[in-house]
Ligand code: TSJ
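In the working numbering, the protein residues as written are 847 to 1496.
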């Protein structure tokens, strides 16, 4: 926004005196704790930022001085020193002695100014022991000093020495140095990290501006600690910084700026491989963690732009029904707007309430998003966004279905869904066992082998589960998994209730091969993610079918691991027959009962949370995109027969 008008001291509107501030600091800065203390500094820094953001100057230096004071210096035009026509004092004096005075109110020189409380530099003066100002302007350096004397509520911010010329200069700018009053604040120590974080944030929000932070306190090697923040990429650099420790899925963020009569907006977005959406928004450099109309407008624009471009480019079909959230899975966003007459609302007054801003931001952002995403060099970003959206929609749909089914668990309809389940007759849930069995044929054997008074069988078809790469939540769409959820009776996720568990032993029975391991991993991952308490409370087990049958006449020994085999063969002696079970399906019902299902003979391994968490790692490695990692994992765990990391229970 170019400014045409020139500033005169009369533009400063005078509202109130400073004593009120010292009487009730909380009214002006919220608190006299650390937050309020730092607020003094932000009031000053904000003024420099405004000057630079309006195109005057490019550098701000913030120094935390040894004596506990803070100094802010900029190379802007310098605060005007000409006399105020009605106040009979300089504009500069008005800025520091009159509440609500300054460029912020009642003048159009500065279009959009910040300050959550918007009270200006006079509040900093009122709550400081002393405050000094140096102005370099129109060929001269000027100086003025203020101090607060005596008790907490009199003579605050009084003029210590009046405005005077110091000498000639060719530079321009403003230096303000102040010492917070220890009679007002609990502790007047500025926190380096707090200051650093905010200055870095301001540097991101105001691209190109250079901000130096110098800490002169507690010098050890004689050198002050200095940091420099300057980001020519603005919010684009900001979003990359926020995603630094995440895996990003696009190297160049989506970035745009736009302005209208009502507001200026800038925005950067970047996808990561995480599942959460992360949005940081600002109004006039003030964070709005509660969001508001600007965020809502942007979200609508993003959904609309992607839907429109997806259709137009045949990336979306009519059957695809994506919602806004789908497009935002894993998306980090920074949105900053500048506007006049800001209305904050919400619990902590950090939510933008201006209704007119929502359609305004939506329109500006929509146009910019379309322009950005239609550029040939950004085609891959569009494709990424659409494919992420579609994937998230699939997952959402699967989760919804799974939930729906578990919610219907007590209704009659449920009976049909549990069709595949062969339930048991006993009603004592503590004694009841559910066998999750891999494959229809093994399922058939298990059904015949079981003691139906307390053992239920749920066959899982192996094929659909270990077919191609499947994300876990897609597994929820699998009919058998849904049946499993309703069979257990607990519900999943937030709805999970262990009290409704219908089987106190949930036993996974799969083949001792890679497919079996895969199915186990999927089930454990599923329990870990959606029914964690089922695992922590020790209800999940893994059944151990034998690998070999060693027989001589009537003498039969079952062998459960390769390591044991030679010893068993030796014990049985010459003339034995050896049968190797390639899968559960090869066992007849009697054998299955004797070896794997009979509580008196079988071994079960109780699954711990670690095993289940490991399953997650196992599955990401086995099903993920990293082929080398998958190969390495498989060869490391090639012997699926050992199961040596599990401890048998009974
Ligand atoms: F907060 C503050 F007032 F104490 C303060 C203001 C502190 C610091 C470090 C800098 C500033 C400040 C103010 N830097 N630059 C300005 N600029 C003006 O006040 C200014 C200069 C010129 C004109 C003009 O129209 O010629 C108008 C204004 C508002």
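Every residue, glycine too, gets a C-beta built ideally from N, C-alpha and C.
Query, Result
"Between the segment 1167 to 1177 and the segment 1109 to 1129, do three or more beta carbon pairs fall short of 8 Å?", "yes"
"Suppose you measure from the CA of residue 1154 to the CA of residue 1208; what does that come to, to the nearest Å?", "14 Å"
"For the segment 1369 to 1388 and the segment 1339 to 1353, state whether three or more C-beta atom pairs, one from each stretch, are separated by less than 8 Å.", "yes"
"Using a Cβ-Cβ cutoff of less than 6 Å, which residues in the same chain neighbour residue 1060 once the five nearest sequence positions on both sides are dropped?", "909, 1070, 1072"
"Can you list, in chain order, the stretches of the beta strand (DSSP E) that have 3 or more residues and sit fully within the segment 1372 to 1404?", "1386 to 1389, 1394 to 1398"
"So, for residue 884: in the same chain, excluding its five sequence neighbours on each side, which residues have a beta-carbon less than 6 Å away from its beta-carbon?", "1040"
"Grouping DSSP H, G and I as helix and E and B as strand, with all else coil, what is residue 937?", "helix"
"Looking only at its chain, what residues have a beta carbon closer than 7 Å to the beta carbon of residue 1151, apart from the 5 residues adjacent to it on each side?", "1212, 1215, 1216, 1219"
"How about residue 1280 and residue 1302: do their beta carbons lie closer than 8 Å?", "yes"
"Taking all protein chains shown into account, do 16 or more other C-beta atoms lie within 10 angstroms of the C-beta of residue 1180, making it buried, or fewer, making it exposed?", "buried"
"Within the chosen definition, does the segment 1131 to 1138 reach the segment 1194 to 1207 through at least 3 CB pairs nearer than 8 Å?", "yes"
"I'd like the span of the beta strand (DSSP E) that includes residue 1115, first residue to last.", "1109 to 1117"
"Can you list, in chain order, the residues of its chain whose CB lies under 8 Å from that of residue 1415, leaving out five sequence neighbours each side?", "1396, 1422, 1424"
"Secondary structure at residue 1055, three-state DSSP: helix, strand or coil?", "coil"
"By the three-class DSSP mapping on this structure, what secondary structure does residue 1309 have?", "At residue 1309 the pLDDT is 44, less than 50, meaning the model places this residue with poor confidence; the figure from the coordinates comes in the next sentence. Helix."
"Kindly indicate which three-state DSSP category residue 1188 falls into: helix, strand or coil?", "coil"
"Using the Cα positions of residue 959 and residue 1377, report the straight-line distance between them to the nearest angstrom.", "Unreliable placement is indicated for residue 959, whose pLDDT of 44 sits below 50; the coordinate value is still reported in the next sentence. Distance between the alpha carbons of residue 959 and residue 1377: 50 Å."
"Less than 8 Å between the beta carbons of residue 1370 and residue 1453, yes or no?", "yes"
"Considering only the beta carbon of each residue, do residue 1266 and residue 1336 sit closer than 8 Å?", "no"
"Do residue 867 and residue 1022 count as a contact pair if the criterion is CB distance below 8 Å?", "no"
"Candidates 1297, 1145, 1156: which alpha carbon is nearest residue 1438's?", "1297"
"Excluding the five sequence neighbours on either side, which residues of its own chain have a C-beta within less than 8 Å of the C-beta of residue 1278, listed in chain order?", "1270, 1272, 1300, 1301, 1302, 1348, 1349, 1350, 1351"
"Please work out which residues of its chain come closer than 8 Å, Cβ to Cβ, to residue 805, disregarding the five sequence neighbours upstream and downstream, and give them in chain order.", "No answer is possible for residue 805: the residues shown for the chain start at 847 and end at 1496."
"Would residue 1108 pass as a contact of residue 990 if the rule is Cβ separation under 8 Å?", "no"
"In the DSSP assignment, find the unbroken beta strand (DSSP E) run with residue 1126 in it and report its ends.", "1124 to 1129"
"Among 1081, 1387, 893, which has the Cα closest to the Cα of residue 1103?", "1081"
"With a CB to CB cut of under 7 Å and the five nearest residues on each side skipped, what residues in its chain are close to residue 1045?", "908, 1057, 1059, 1075"
"Nearest CA to the CA of residue 889: which residue from 863, 1068, 966, 1365?", "966"
"To the nearest angstrom, how far is it from the Cα of residue 961 to the Cα of residue 1098?", "Any reading at residue 961 needs caution, since the residue's pLDDT is 38, under 50, leaving its predicted position unreliable; the model's value is listed next. Using only the alpha carbons, I get a separation of about 32 Å."
"Under the three-state reduction of DSSP, which class applies to residue 810: helix, strand or coil?", "Outside the shown range of the chain (847 to 1496) lies residue 810, about which nothing can therefore be said."
"State the DSSP-derived secondary structure class of residue 930, mapped to helix, strand or coil.", "coil"
"Where do the ends of the beta strand (DSSP E) carrying residue 881 lie?", "Segment 880 to 899 is the alpha helix (DSSP H) holding residue 881; no beta strand (DSSP E) there."
"As a quick exercise: from 1227, 1304, 988, pick the residue whose alpha carbon is nearest that of residue 1498.", "Absent from the structure is residue 1498, since the part of the chain shown begins at 847 and ends at 1496."
"Where does residue 1032 fall in DSSP's three states?", "coil"
"Would you mind sorting residue 931 into buried or exposed? The rule is 16 or more other CB atoms within 10 Å of its CB.", "exposed"
"Taking the alpha-carbon of residue 981 as reference, which of 938, 944, 969 has the nearest alpha-carbon?", "938"
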